[in-house]
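Participant: Those sequence lines, one after another, are chains A and B.
Under the working numbering, think of the first position of the first sequence as 15, with each following residue one higher.
Under the working numbering, think of the first position of the second sequence as 249, with each following residue one higher.
Each residue gets a CB set at the ideal place from its N, CA and C atoms; glycine is no exception.
Note that this is a predicted model, so its numbers are computed, not measured.
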Amino acid sequence: MSATLTESPHRVLGQPIKRKEDPRFLTGQGRYLDDIKLPNMAYMAIVRSPYAHARIVSINKEPALAVPGVLAVITGEDLEKLGLAWMPTLNGDQQMVLAVGKVLFQYQEVAAVIATSREAAYDGAAAVEVEYDPLPVVVDPFKALEPDAPILREDRKEKSNHIWRWESGDKAATDKAFAEAEVVIKEKIRFPRVHPSPLEPCGCIADYNKTQNHLTLYVTSQAPHAYRTVLAMVTKLPEHQIRVISPDVGGGFGNKVPVYPGYVVAIVGSMLTGRPVKWVETRTENLASTHFARDYHMTVEIAATREGQVKALRVHTVADHGAFDAQAVPSKWPAGLFNICTGSYTFEAAHVVVDAVYTNKAPGGVAHRCSFRVTEASYLIERAMDILAHELKMDPAELRRKNLIPADKFPWKSPTGWVYDSGNYHHTLDYALNLIGYKELRKEQAEKRARGELMGIGISFFTEVVGAGPSKHFDILGIKMFDSAEIRVHPTGKAIVRLGTRHQGQGHETTYAQIVAEELGLSPDDVLVEEGDTDTAPYGLGTYASRSTPTSGAAAAMCARRIREKARKIAAYLLECGEHDLEWADGRFQVKGAPHQSVTMQQIAFAAYTNPPPGMEPGLEATYYYDPPNLTFPYGCYIAVVDIDKGTGEVKVRRFLAVDDCGTIINPMIVQGQVHGGLTEGFAIAFMQDIVFDENGNNLVTNFTEYMLPTAVETPRWETAHTVTPSPHHPLGAKGVGESPNVGSPAAFVNAVVDALSHLGVRHIDMPITREKVWRILRSAGIDE
Amino acid sequence: MGHRIAVTINGQRYEAEVEPRLLLVHFIREVAGLTGTHIGCDTTSCGACTVILNGKPIKSCTMFAVQADGSEIRTVEGLAQNGEFHPIQKAFWECHGLQCGYCTPGMLMAGVALLERNPNPTEDEVRRAISGNLCRCTGYQNIVKSILRAAEMMRGGAGVASGSPVGRGSPAQ
Chain A
15 MSATLTESPH
25 RVLGQPIKRK
35 EDPRFLTGQG
45 RYLDDIKLPN
55 MAYMAIVRSP
65 YAHARIVSIN
75 KEPALAVPGV
85 LAVITGEDLE
95 KLGLAWMPTL
105 NGDQQMVLAV
115 GKVLFQYQEV
125 AAVIATSREA
135 AYDGAAAVEV
145 EYDPLPVVVD
155 PFKALEPDAP
165 ILREDRKEKS
175 NHIWRWESGD
185 KAATDKAFAE
195 AEVVIKEKIR
205 FPRVHPSPLE
215 PCGCIADYNK
225 TQNHLTLYVT
235 SQAPHAYRTV
245 LAMVTKLPEH
255 QIRVISPDVG
265 GGFGNKVPVY
275 PGYVVAIVGS
285 MLTGRPVKWV
295 ETRTENLAST
305 HFARDYHMTV
315 EIAATREGQV
325 KALRVHTVAD
335 HGAFDAQAVP
345 SKWPAGLFNI
355 CTGSYTFEAA
365 HVVVDAVYTN
375 KAPGGVAHRC
385 SFRVTEASYL
395 IERAMDILAH
405 ELKMDPAELR
415 RKNLIPADKF
425 PWKSPTGWVY
435 DSGNYHHTLD
445 YALNLIGYKE
455 LRKEQAEKRA
465 RGELMGIGIS
475 FFTEVVGAGP
485 SKHFDILGIK
495 MFDSAEIRVH
505 PTGKAIVRLG
515 TRHQGQGHET
525 TYAQIVAEEL
535 GLSPDDVLVE
545 EGDTDTAPYG
555 LGTYASRSTP
565 TSGAAAAMCA
575 RRIREKARKI
585 AAYLLECGEH
595 DLEWADGRFQ
605 VKGAPHQSVT
615 MQQIAFAAYT
625 NPPPGMEPGL
635 EATYYYDPPN
645 LTFPYGCYIA
655 VVDIDKGTGE
665 VKVRRFLAVD
675 DCGTIINPMI
685 VQGQVHGGLT
695 EGFAIAFMQD
705 IVFDENGNNL
715 VTNFTEYMLP
725 TAVETPRWET
735 AHTVTPSPHH
745 PLGAKGVGES
755 PNVGSPAAFV
765 NAVVDALSHL
775 GVRHIDMPIT
785 REKVWRILRS
795 AGIDE
Chain B
249 MGHRIAVTIN
259 GQRYEAEVEP
269 RLLLVHFIRE
279 VAGLTGTHIG
289 CDTTSCGACT
299 VILNGKPIKS
309 CTMFAVQADG
319 SEIRTVEGLA
329 QNGEFHPIQK
339 AFWECHGLQC
349 GYCTPGMLMA
359 GVALLERNPN
369 PTEDEVRRAI
379 SGNLCRCTGY
389 QNIVKSILRA
399 AEMMRGGAGV
409 ASGSPVGRGS
419 PAQ
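1. By how many angstroms is the C-alpha of K583/A removed from the C-alpha of L27/A?
2. Please classify L714/A as buried or exposed, where buried requires at least 16 other C-beta atoms within 10 Å of its C-beta.
3. Whose C-beta lies closer than 7 Å to the C-beta of C385/B among residues of the same chain, with five residues either side of it excluded?
4. What did DSSP end up calling T666/A once you bin it into helix, strand or coil?
5. Hey, how far is the Cα of T739/A from the Cα of K749/A?
6. Establish whether the CB of P353/B and some CB of chain A are separated by less than 8 Å.
7. Could you name the residues of chain A that C297/B contacts, counting a contact when the two beta carbons are closer than 9 Å?
8. Could you give the uninterrupted runs of the alpha helix (DSSP H) lying entirely in the stretch 383 to 448 of chain A, keeping only those of 4 residues or more?
9. Are the CB atoms of G266/A and P206/A within a distance shorter than 8 Å?
10. What is the residue span of the alpha helix (DSSP H) that Y526/A lies within?
11. Flag this pair as touching only if the stretch 384 to 400 of chain B and the stretch 673 to 693 of chain A have three or more C-beta atom pairs under 8 Å; answer yes or no.
12. Below 8 Å on the Cβ atoms is my contact criterion, and I expect V273/B with S319/B to pass it. Report the Cβ-Cβ distance as a whole number of Å.
13. Quick one: grab the DSSP three-state call for V198/A.
14. How many whole angstroms separate the CB atoms of I783/A and V764/A, which I take to be in contact at a CB cut-off of 8 Å?
15. Report yes if the C-beta distance between T637/A and E523/A is below 8 Å; otherwise report no.
16. Does the CB of I257/B have a neighbour CB from chain A at under 8 Å?
17. With a cut-off of 8 Å, do at least 3 Cβ pairs link the stretch 54 to 69 of chain A to the stretch 125 to 135 of chain A?
18. When we look at the beta-carbon of M495/A and count the other beta-carbons within 10 Å, is it buried (16 or more) or exposed?
19. With burial defined as no fewer than 16 other Cβ atoms inside 10 Å of the residue's Cβ, what is the status of K34/A: buried or exposed?
20. May I ask which residues mark the beginning and end of the beta strand (DSSP E) holding K249/A?
21. Measuring CB atoms only, is the stretch 360 to 373 of chain A touching the stretch 323 to 333 of chain A, in the sense that at least three cross pairs come out at less than 8 Å?
22. Of all the residues that make up the stretch 286 to 313 of chain B, which are near chain A by a beta-carbon distance shorter than 8 Å?
23. Please state whether the Cβ-Cβ distance between N330/B and A358/B is less than 8 Å.
24. Give the interface partners of S394/B over in chain A, defined as CB-CB distance under 9 Å, in chain order.
25. Checking contacts by CB at 8 Å: is H251/B closer than that to chain A?
26. In the DSSP assignment, what are the bridge partners of M58/A?
27. Give a yes or no on whether the minimum CB-CB distance between Q315/B and chain A is below 8 Å.
28. Here's the rule I'm using: 16 or more other beta-carbon atoms within 10 Å means buried, otherwise exposed. How should A217/A be labelled?
29. With 16 other CB atoms within 10 Å as the buried threshold, where does K457/A fall?
30. Rounded to whole angstroms, what is the Cα-Cα separation between P742/A and D435/A?
31. Could you please tell me which residues of the stretch 675 to 702 of chain A, in chain order, have their CB closer than 9 Å to any CB of chain B?
32. With DSSP as the reference, label E267/B as helix, strand or coil.
33. Say whether chain A places a C-beta atom closer than 8 Å to the C-beta of N390/B.
34. Which full runs of the alpha helix (DSSP H) of 4+ residues lie inside the stretch 452 to 523 of chain A, going along the chain?
35. Considering only residues of the stretch 629 to 715 of chain A, which uninterrupted alpha helix (DSSP H) runs meet the minimum length of 4 residues and lie entirely inside it, listed in chain order?
36. One question on the structure: do A302/A and A381/A come within less than 8 Å of each other, judged by their Cβ atoms?
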């Protein structure tokens, strides 16, 4: 099977090559964080707050220190002495590492116990005595903004729970369009608080060597280099004395981007005990304290003509950020890329306002395959377009067709400043409608409705924005969001490629190998991909926001091309001709007009080390830092078909078609897998998930029996297809796809359910659309079976 | 306080003195050193720790090691024989039945247990058999496809691929 590849290496791109990383995972040889055991390793357990808001009156370590095996107990007071009680967040705020003075959310980190075994650490944690004095709790972000609300963050100068306001677009132009509008729709839409819940919880092993003043941190991280820089800033250790290793990562979905307090405490624990310290959180700790996603309370208005031409969009959002503003976003984008919310349509004006608010909940907000809040934006506009269609009594597909950005208008500048790189939206819409048989489905729906049966069809035509990002607009802690690749071609023509990203299941070891193999005329079997070790990989900002293929994928291609330029010189020397007499064809350099005179990359690589042209630096290596000229804008048309049981309120997703356009596809098998997974997460969000708190700030969904993940039984069967509109600025035309299905699908599900109930006067239902919610709507509409 | 137990894992006998509260999954991972069996939830929900105990799939986080005394256990490490993948491993590789790999060992063991008692399952039977195993990456579609494909291979039906050597990236069928 491999022989075919070697014969036609130029056909590597676009092939469904089986994943190179799979054999180790299939045999139990994956090396995840908890699989690593170092000599003399100690274990850490964290004492967490039972209260959402309370003063800490006292902490008694003694009973814990008396537990056999306990080596140390660390509190916020101890960290204060080291200047480590607080750490900076990525969003300009600060966050407690261990609670100092008071706690601000339930399950907040209060103390840590280091012991010789996991069991002793947990026994010790249970023995720590903490006395609390409960304070009034703020759960509702709207109540947090009321003048008499208790001030949560007493450490801040501003005595308010309001964190910041962010505005985008043109208010005057938008107000004018609304004043002149023939039709205006308005709706309040909430995107619930959800959690990424990768199957592997977060954890680390901190290994500090005092003699060498060197720290190795093994950690479940999507962004190891960013961690290294943050840790250098927080711990004051010199950055070259910190090595961050992110081993195999068991899913991330944005949950493994932030630096969590447990990592910092484990480092302190290793410094105090002189041992490597392992900390692996429980599922409850993961759900209740690590980064959640969304929690956007949005009010949307569209101004349009009676014929259904959209004119202006107005959005106001109250964003619940929890106790610390710790969401992981680029510096200039406090609400992420939420102002992409004009979506796929030709709005002339838009005005978007986001107010961020502190509450007594765990911090976070940006995670869960969201592309920096594009999920919220996409859901908002796709829901609002359906509400407008309903208002105008127009078919939602027709309303979209009328307003989609025409193909000849690309690059298209949105009223909030984005420049969409490419798209052929009408083609993709028609392709999807034909593929699912839209007309027939509408006919079937009309017949069923006449018989009293409930069936709905929901469309979502989303535009993603990924590949952050161009250095003029995107940085994290000042570091520009380029990404990188380094390629070394060995004398026998085999290569290693190292990158600044870190996969968590996306198949980078195969995808990047395909890119480099394609560019260098090698077999992907002969290209080893390595990520996740800051001592060996070039600097990069990591894998999240669907940025790996747009940034590091581009870096890998450009790096390979840099190698090919040197290879051309060597080829000319070997073939005794001028460089310009050569052409790159069929994965080799050949003399123009005489293709039998050629050299392969294997021959060139051997010569680079054994017989380089006189005066040329030996070797065949290159590094490339890729600063993308623009973001990429993948898009797609998703259509859901649902049937609703009138007796129980159960929604059955009968069909779901996802037509994605992510530009050039490198490995269609991997892309399809990414789409399946993202759709399933979207399905879960639409129908099952919400992190609920009671009035005392108690988190009511702290394990998988309460926070629902779909199983193979509930999950619908997915239909996938593609149109291909390459990105004009990416070296391969690729746009990225990992988050598109989660960005695009929630609106399709909700639109389908609302469509099934629209004749009953239903205009909007907030997610999650549970059976109970639908049942209540049916009962209040007088439908009883 | 220790209890002496002996279990057989993948044909090898392991004896150890264990605390009564030691979970079987910790025994497998830390005493036997077989880290292919994972832990994902602590509440018997996710199935990442699924192993086959005396012929039946169980969640090894929900059994104490002392309860497994004298039993025969099979884990993911025991699937491949003589460097040759088990058909279910081949099928998962071929059908892209895994992404991050964390749920994979549990899925493989749940799948093997199903196929040993039902060599010709329907798609619905496969979905029910793995309903105690959560996956966050794949949406299950290719896992189901992989198990159906493995069933076909194990029955020796049409289109069975010859053995895939371990460690090569080759085009999927």
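Facilitator: This is what the structure holds:
1. Locating residue 27/A in the first sequence gives position 13, counting from the first residue. Locating residue 583/A in the first sequence gives position 569, counting from the first residue. In a straight line, the C-alpha of L27/A is about 25 Å away from that of K583/A.
2. One-based indexing of the first sequence puts residue 714/A at position 700. Per the 10 Å Cβ criterion, exposed.
3. On the second sequence, position 137 is the one that residue 385/B refers to. Hits under 7 Å: Q347 and C348.
4. Counted from its first residue, the first sequence places residue 666/A at position 652. For the record, residue 666/A in the displayed sequence is Lys; it is not Thr. K666/A falls in the strand class under three-state DSSP.
5. For the purposes of this step, residue 739/A is identified with residue 725 of the first sequence, where counting begins at 1. For the purposes of this step, residue 749/A is identified with residue 735 of the first sequence, where counting begins at 1. Approximately 9 Å, taken between the alpha carbons.
6. Numbered from its first residue, the second sequence carries residue 353/B at position 105. Yes - at least one Cβ of chain A is within 8 Å of the one on P353/B.
7. The sequence position of residue 297/B within the second sequence is 49, counting from 1. Those do not exist, as C297/B stays about 11 Å from chain A at its closest Cβ, beyond 9 Å.
8. 388 to 406 and 410 to 417
9. Your numbering for residue 206/A matches position 192 in the first sequence. Your numbering for residue 266/A matches position 252 in the first sequence. No, the Cβ-Cβ distance between P206/A and G266/A is not below 8 Å.
10. Here residue 526/A corresponds to residue number 512 of the first sequence, with the count starting at 1. H522 to L534 is the span of the alpha helix (DSSP H), which, as asked, contains Y526/A.
11. yes
12. Taking the second sequence and counting its residues from 1, one reaches residue 273/B at position 25. Taking the second sequence and counting its residues from 1, one reaches residue 319/B at position 71. Between S319/B and V273/B the Cβ distance is about 14 Å, and since that is not below 8 Å, they are no contact.
13. Residue mapping note: residue 198/A aligns to position 184 of the first sequence, counting from 1. Strand.
14. The residue labelled residue 783/A in the question sits at position 769 within the first sequence. The residue labelled residue 764/A in the question sits at position 750 within the first sequence. Contact flag correct, Cβ pair sits at about 6 Å.
15. Locating residue 637/A in the first sequence gives position 623, where the first residue counts as 1. Locating residue 523/A in the first sequence gives position 509, where the first residue counts as 1. Against a cut-off of 8 Å, the Cβ pair of E523/A and T637/A comes out as no contact.
16. On the second sequence, position 9 is the one that residue 257/B refers to. For I257/B, the answer is no, since every Cβ of chain A falls outside 8 Å of its Cβ.
17. yes
18. Residue mapping note: residue 495/A aligns to position 481 of the first sequence, counting from 1. Label assigned to M495/A: buried.
19. Taking the first sequence and counting its residues from 1, the one referred to as residue 34/A is at position 20. That one is buried.
20. Within the first sequence, numbered from 1, the residue matching residue 249/A stands at position 235. Before going further, note that residue 249/A is Thr rather than Lys in the sequence given. Per DSSP, T249/A belongs to no beta strand (DSSP E); it is in the alpha helix (DSSP H), P238 to T249.
21. yes
22. H286, I287, G288, C289, D290, T291, S293, C294 and A296
23. As a first step, residue 330/B must be located in the second sequence, where it is residue number 82. As a first step, residue 358/B must be located in the second sequence, where it is residue number 110. Result no, Cβ atoms of N330/B and A358/B do not sit closer than 8 Å.
24. Within the second sequence, residue 394/B is the residue found at index 146, counting from 1. Correct list: empty, because the minimum Cβ distance to chain A is about 10 Å.
25. Here the question's residue 251/B lines up with position 3 in the second sequence. Chain A, which has no Cβ nearer than 8 Å to the Cβ of H251/B, makes this no.
26. What you label residue 58/A is simply residue 44 of the first sequence in a count that begins at 1. In the DSSP output, where bridge partners are listed per residue, M58/A has I128/A.
27. Position 67 of the second sequence, counted from the start, is the residue given in the question as residue 315/B. No, Q315/B lies away from the interface with chain A (no Cβ there is under 8 Å from its Cβ).
28. As a position in the first sequence, residue 217/A is number 203, starting the count at 1. Rather than Ala, the amino acid found at residue 217/A in this sequence is Gly. G217/A comes out buried.
29. One-based indexing of the first sequence puts residue 457/A at position 443. Exposed, by the Cβ-count rule.
30. Taking the first sequence and counting its residues from 1, the one referred to as residue 742/A is at position 728. Taking the first sequence and counting its residues from 1, the one referred to as residue 435/A is at position 421. Approximately 7 Å between the Cα atoms of the pair.
31. M683, I684, Q686, G687, Q688, V689, H690, G691, G692, L693, T694, E695 and F697
32. As a working note, residue 267/B is residue 19 in the second sequence. Looking at E267/B - three-state DSSP - the assignment turns out to be coil, as it is neither helix nor strand.
33. Here residue 390/B is taken as the residue at index 142 of the second sequence, counted from 1. Closer than 8 Å to some Cβ of chain A, the Cβ of N390/B qualifies, so yes.
34. 452 to 464
35. 682 to 701
36. Residue mapping note: residue 302/A aligns to position 288 of the first sequence, counting from 1. Residue mapping note: residue 381/A aligns to position 367 of the first sequence, counting from 1. No, these two residues do not count as a Cβ contact at 8 Å.
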